[in-house]
Amino acid sequence: MPKIVLHGVRSTEPMLLAVQIGNAARSAFLNYSHSRRCDVGGRRFFSVTYSLFGRGPPSRKEKKTVEIPGLDRVTYADRMHFVPGLAKPIFPDWQRHWHDPHHYRGPNNEEMKLHKENPCYVFNQRTKILEGVRQALWLTKSKLIQGLPEHILSLADDPANQIEDQDARVQQAIRHSRFWDTTAIRPKRDRFCPVLLWDLLHLCGTLQVKHTSLSKRILAENYRVAALWNRESDIFQVRGLNGMLLNSMTPLPVVAQSGEVLATKNHTLETFYPISPTIDLQCTYVYDQKNDTGFRDRYPYPHTHTLFFTETEDSAAKFKPEQLRAKMIMFAFGNALARAKSLHGEHPQVLEHPVVVQSIATDGRLFQFIVLQLNTTDLGPDTGVKNLVWMDQDQLLYDYAKCRPLIKKKIVTVPAGLSGYQPETFRKFLALHLHGAV
1 MPKIVLHGVR STEPMLLAVQ IGNAARSAFL NYSHSRRCDV GGRRFFSVTY SLFGRGPPSR
61 KEKKTVEIPG LDRVTYADRM HFVPGLAKPI FPDWQRHWHD PHHYRGPNNE EMKLHKENPC
121 YVFNQRTKIL EGVRQALWLT KSKLIQGLPE HILSLADDPA NQIEDQDARV QQAIRHSRFW
181 DTTAIRPKRD RFCPVLLWDL LHLCGTLQVK HTSLSKRILA ENYRVAALWN RESDIFQVRG
241 LNGMLLNSMT PLPVVAQSGE VLATKNHTLE TFYPISPTID LQCTYVYDQK NDTGFRDRYP
301 YPHTHTLFFT ETEDSAAKFK PEQLRAKMIM FAFGNALARA KSLHGEHPQV LEHPVVVQSI
361 ATDGRLFQFI VLQLNTTDLG PDTGVKNLVW MDQDQLLYDY AKCRPLIKKK IVTVPAGLSG
421 YQPETFRKFL ALHLHGAV
């Protein structure tokens, strides 16, 4: 006879022992339920678990109707009930005589007013292009220059343009965003990244006493831009929401003079054959051929100054650094192109007064800086004048900001608090902010 072992007790009477086990389990369950009446974490809700794990009947697969030309189908439509051997009738869709928003069916793409014969490749706020910066440079017909212009960086080196106790106040802003703004041990990027950006902008705004033109700017959020252009035989468009925008009453001064602009004719755009330039772009046949800055004509701050991007924790919206820099180029180009076409018209041409737009992106620790100068709206061929892009990438503002020290093998590898602050990164941030006001 087999033996049953329970908590180290052996018994040769399985039936009696099974009854004892059942009584003990029942009493334990009653004691647990009486002691924790409000705790429903371990119980099963049939309305939830059934819908999640229940197995329903398999979905029906409708048979395709075969139409033979010259023959009429004999159906049971006249008899109003199913008849074996007769075909199933096909009735026209029932049309409501009133608008029901809960059962609305949109028209087909071919029936829409904005339907076009040629497709348009759209770049929006969640587009992650495969080739990154190289693809963005080809789409915008631009030449890349590593590093920011020297005359812009020199603005922050002047002691007259610096903030009082600059490094100490920047470190205080970092501690505010990482330690003091929330009680969480490890705050999320959605929380500390915008707080750090706003604190840095507030520090730069304290220079309005010295430079009054800084007060002639305004920040805008949740605006939509639309810019359309032809590249070779394809149509491209940048549209949608994009970051936070700093607008100004006066445009940014030209970075590259006419001689350097004309020298871009000798530059050859880099290709990435056999990969198509339209890869990862949204292809649509329904689009509006318009260029819109997102603001009205009489808006008092019509000129785009700087575009700000912040990273999030959402995995679907998180960009790799290369893709993020491509997004910065595309939206800076879209804002500049929409502004240029509103000033000079839709006709492709080389601009006498180029449009300059800046862009800054950060994940709360790493900064990306871009300056774009739109020299031409003739973007179809690869020849001719090119646009210019200055880029300074992967600039650390600080190394670590830990609420608790990082200890490995009883050795403190990273101390608690802020460590590895690099003031050069904020100087570049300040220089781009002062550009156009000094």
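For the sequence shown, counting from 1, position 206 maps to 206 in full-length UniProt numbering; every step adds exactly one.
Beta carbons are placed, not taken as given, at the ideal position from N, Cα and C, and that holds for glycine.
Please read all numbers here as calculations on a predicted model, not as lab measurements.
Give every residue of the same chain whose Cβ lies closer than 6 Å to the Cβ of residue i, excluding the five residues on either side of it in the sequence, and list them in chain order.
i           : result
residue 143 : 264, 267, 386, 388
residue 421 : 171, 398
residue 89  : 75, 77
residue 243 : 307, 308, 309
residue 185 : 403
residue 405 : 412, 415, 416
residue 427 : 156
residue 196 : 177, 364
residue 425 : 367, 395, 397
residue 358 : 306, 371, 432
residue 73  : 87
Output yes or no for whether 8 Å exceeds the beta carbon distance between residue i and residue j.
i           : j           : result
residue 430 : residue 204 : yes
residue 132 : residue 322 : yes
residue 193 : residue 417 : no
residue 440 : residue 436 : The structure shown has nothing for residue 440, since the chain only spans 1 to 438.
residue 338 : residue 292 : yes
residue 273 : residue 116 : no
residue 282 : residue 124 : yes
residue 271 : residue 138 : yes
residue 287 : residue 114 : yes
residue 129 : residue 390 : no
residue 189 : residue 311 : yes
residue 191 : residue 182 : yes
residue 208 : residue 214 : yes
residue 249 : residue 290 : no
residue 447 : residue 423 : What the structure shows of the chain is the stretch from 1 to 438, and residue 447 is not part of that stretch, so it cannot be assessed.
Consult DSSP for residue i and reduce its assignment to one of helix, strand or coil.
i           : result
residue 181 : coil
residue 59  : coil
residue 296 : coil
residue 240 : strand
residue 278 : coil
residue 218 : strand
residue 78  : coil
residue 268 : coil
residue 194 : helix
residue 88  : coil
residue 110 : helix
residue 231 : strand
residue 411 : strand
residue 254 : coil
residue 333 : helix
residue 119 : strand
residue 286 : strand
residue 37  : With a pLDDT of only 45 at residue 37, under the threshold of 50, the placement of this residue in the model should not be trusted; the figure read from the coordinates follows. Note: residue 37 maps to coil in three-state DSSP.
residue 212 : helix
residue 436 : coil
residue 225 : strand
residue 319 : coil
residue 263 : helix
residue 425 : helix
residue 326 : helix
residue 70  : coil
residue 306 : strand
residue 420 : coil
residue 130 : coil
By Cβ distance below 7 Å, which residues in the same chain neighbour residue i in space, the five residues on each side in sequence not counted?
i           : result
residue 8   : Residue confidence is low: residue 8 scores 43 on pLDDT, short of 50, so the model does not pin down where it sits. No coordinate-derived value is stated.
residue 317 : 126
residue 438 : 155, 161, 211
residue 41  : Below a pLDDT of 50, predicted positions are generally treated as unreliable, and residue 41, at 47, falls in that range; the measurement from the model is reported next regardless. If we look at residue 41 and ignore the five residues flanking it on each side, it has no Cβ neighbours.
residue 256 : 373, 388
Pop quiz: residue i and residue j are said to be a contact at Cβ under 8 Å. What is the actual Cβ separation, rounded to whole angstroms?
i           : j           : result
residue 329 : residue 370 : 6 Å
residue 238 : residue 331 : 6 Å
residue 336 : residue 135 : Actually they are not in contact, since the Cβ atoms of residue 336 and residue 135 sit about 18 Å apart, beyond 8 Å.
residue 174 : residue 206 : About 17 Å; that fails the 8 Å criterion.
residue 303 : residue 375 : Actually they are not in contact, since the Cβ atoms of residue 303 and residue 375 sit about 17 Å apart, beyond 8 Å.
residue 218 : residue 228 : Actually they are not in contact, since the Cβ atoms of residue 218 and residue 228 sit about 26 Å apart, beyond 8 Å.
residue 225 : residue 354 : Between residue 354 and residue 225 the Cβ distance is about 19 Å, and since that is not below 8 Å, they are no contact.
Compute the minimum distance between the beta carbon of residue i and the heavy atoms of the ligand FAD, and state whether it is under 7 Å.
i           : result
residue 200 : Looking for the ligand FAD in the displayed structure turns up nothing, as the structure carries no ligands at all.
Looking only at its own chain, which residues have a Cβ that is under 8 Å from the Cβ of residue i, when we skip the five neighbours before and after it?
i           : result
residue 380 : 230, 231, 232, 348
residue 378 : 348, 349, 350, 384, 385
residue 440 : As displayed, the chain neither begins before 1 nor continues past 438, which places residue 440 out of reach and without an answer.
residue 103 : 96
residue 38  : Residue confidence is low: residue 38 scores 44 on pLDDT, short of 50, so the model does not pin down where it sits. No coordinate-derived value is stated.
residue 198 : none
residue 356 : 251, 252, 253, 254, 255, 336, 371, 372, 373, 374
Practice item. Can you check the stretch 335-408 for any beta strand (DSSP E) of at least 3 residues that lies completely inside it and give the ranges in chain order? Key: If one requires a minimum length of 3 residues, the beta strand (DSSP E) runs lying completely within the stretch 335-408 are 350-362, 366-376, 387-396, 400-402, 406-408, in chain order.
Exercise for review: Entirely within the stretch 132-159 and at least 3 residues each: give me those beta strand (DSSP E) ranges in chain order.
Suggested key: Annotation note: the stretch 132-159 contains the following uninterrupted beta strand (DSSP E) runs of length 3 or greater, listed N- to C-terminal: 142-146.
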